[in-house]
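> Input: one structure, supplied below.
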Amino acid sequence: MSDDRKPRRREQILQALAIMLEEDSGKRITTAALARQVGVSEAALYRHFPSKARMFEGLIDFIEESIFARITRILDDIPDATTRCGTILSLLLGFAEKNPGLARVLGGDVLTGETARLRQRVHQLFERLETQLKQVLREAELREGRRTSITASAAANLLIAQAEGRISQYVRSDFKRLPTEYWEDQWTLLSGQLFRNASQPA
């Protein structure tokens, strides 16, 4: 197989896995079923990925690369802390909504029974997102002279918990309850309480 063809086949396998996670919600994905979806033998699958866990890791890699590349652009383009946080959270929710199969990976349900390393990878992804939000909130005091109503750590945790909860609702409803539903109004409420008023004591 040529070097050009191998990456395309890997991408095809990962795309097929994501589609199966969306279409077969609640069912355990087997390598036999995945091979049928791709149109290759199981042996061919294992030539590209040594295990199903590595296939899931490939999906997690794609999620991380997609989200954090966009977050870098958000931080470059948007100076205001509130707008930065809102845009990052909207990005995460919109990504999950457009990629239901990957939302199941983020929600963790599809990783039940798989290696603990995969669940740890998803946990670390959300930890990284939370750390990014915390950094934005802490920088707001230096850049804008604004302090969060609660500690930056607590505020970042609250925001990421909101996003995680909405993704979980989406997965639990078999993708009927969209993660962006009501989000604009909810963000208006949350963001209005995010920072102290100037008159409030430190």
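Residue numbering for the sequence shown is 74 to 275, as defined by our numbering.
Note that the Cβ used here is the ideal one computed from N, Cα and C, for glycine as well.
Could you check what DSSP says for Thr221 in three-state terms: helix, strand or coil?
For the purposes of this step, residue 221 is taken as the residue at position 148 of the sequence shown. In the structure shown, Thr221 sits in a strand (DSSP, three-state: E or B).
> Let me know the alpha helix (DSSP H) ranges lying completely inside the stretch 114-175, each 4 residues or longer, listed in chain order.
115-121, 125-150, 154-171, all fully within the stretch 114-175.
> Which residues does DSSP list as the beta-bridge partners of Phe268?
As a working mapping, residue 268 is identified with position 195 in the sequence shown. Partner(s): Thr221.
> Which two residues bound the contiguous alpha helix (DSSP H) that contains Leu251?
Indexing the sequence shown from 1 puts residue 251 at position 178. It is not in any alpha helix (DSSP H) - Leu251 carries neither H nor E in the DSSP assignment.
> Skipping 5 residues on each side, what residues in its chain have a beta carbon closer than 8 Å to that of Gly181?
Here residue 181 refers to the residue found at position 108 when the sequence shown is read from its first residue. Arg192, Val195, listed in sequence order.
> Please classify Phe268 as buried or exposed, where buried requires at least 16 other C-beta atoms within 10 Å of its C-beta.
Along the sequence shown, one-based indexing puts residue 268 at 195. So Phe268 ends up on the buried side.
> Is Lys207 helix, strand or coil by DSSP?
Locating residue 207 in the sequence shown gives position 134, where the first residue counts as 1. Helix.
> Roughly how many angstroms separate the alpha carbons of Leu215 and Glu203, rounded to a whole number?
Indexing the sequence shown from 1 puts residue 215 at position 142. Indexing the sequence shown from 1 puts residue 203 at position 130. Answer to the nearest angstrom: the Cα atoms are 19 Å apart.
> Name the two residues that bound the continuous alpha helix (DSSP H) containing Leu107.
To locate residue 107, count along the sequence shown from 1; it is residue 34. Unbroken alpha helix (DSSP H) run through Leu107: 104-111.
> Tell me the DSSP secondary structure of Ser246 in three-state form.
As a first step, residue 246 is located in the sequence shown; it is residue number 173 there, counting from the start. Ser246 falls in the coil class under three-state DSSP.
> Have a look at Leu165, Arg109, Gly265 and flag the residue whose alpha-carbon is nearest the alpha-carbon of Cys241.
For the purposes of this step, residue 241 is taken as the residue at position 168 of the sequence shown. Note that residue 241 is Ser in the sequence shown here, rather than Cys. Ranking the options by Cα distance to Ser241, first place goes to Leu165.
> Quick one: Cα of Leu243 to Cα of Arg177, how far?
Here residue 243 refers to the residue found at position 170 of the sequence shown. Here residue 177 refers to the residue found at position 104 of the sequence shown. According to the sequence as given, residue 243 is Tyr; it is not Leu. In a straight line, the C-alpha of Tyr243 is about 9 Å away from that of Arg177.
> Would you grab the beta carbon distance between Phe122 and Ile86 for me? Rounded to a whole angstrom, and I think it's under 8 Å.
Residue 122 sits at position 49 when you count from the first residue of the sequence shown. Residue 86 sits at position 13 when you count from the first residue of the sequence shown. With a Cβ gap of about 7 Å, Phe122 and Ile86 count as contacting.
> Less than 8 Å between the beta carbons of Ile161 and Gln205, yes or no?
Here the question's residue 161 lines up with position 88 in the sequence shown. Here the question's residue 205 lines up with position 132 in the sequence shown. Yes; because the gap between Cβ atoms is below 8 Å, this pair is in contact.
> Using 8 Å for Cβ pairs, my map puts Ser226 next to Thr155. What's the rounded Cβ distance?
The count along the sequence shown starts at 1 and reaches residue 226 at position 153. The count along the sequence shown starts at 1 and reaches residue 155 at position 82. The pair is not a contact, with the Cβ atoms about 17 Å apart (cut-off 8 Å).
> Between Leu118 and Gln88, what straight-line distance do the alpha-carbon atoms span, to the nearest angstrom?
The residue labelled residue 118 in the question sits at position 45 within the sequence shown. The residue labelled residue 88 in the question sits at position 15 within the sequence shown. Each residue's alpha carbon lies about 13 Å from the other.
> Going by beta-carbon coordinates alone, are Leu210 and Thr221 separated by less than 8 Å?
In the sequence shown, the residue the question calls residue 210 occupies position 137. In the sequence shown, the residue the question calls residue 221 occupies position 148. Cβ atoms of Leu210 and Thr221: closer than 8 Å.
> Count the other CB atoms, across all protein chains shown, that sit within 10 Å of the CB of Gly112; report buried if there are 16 or more and exposed otherwise.
The count along the sequence shown starts at 1 and reaches residue 112 at position 39. Exposed: under 16 other Cβ atoms inside 10 Å.
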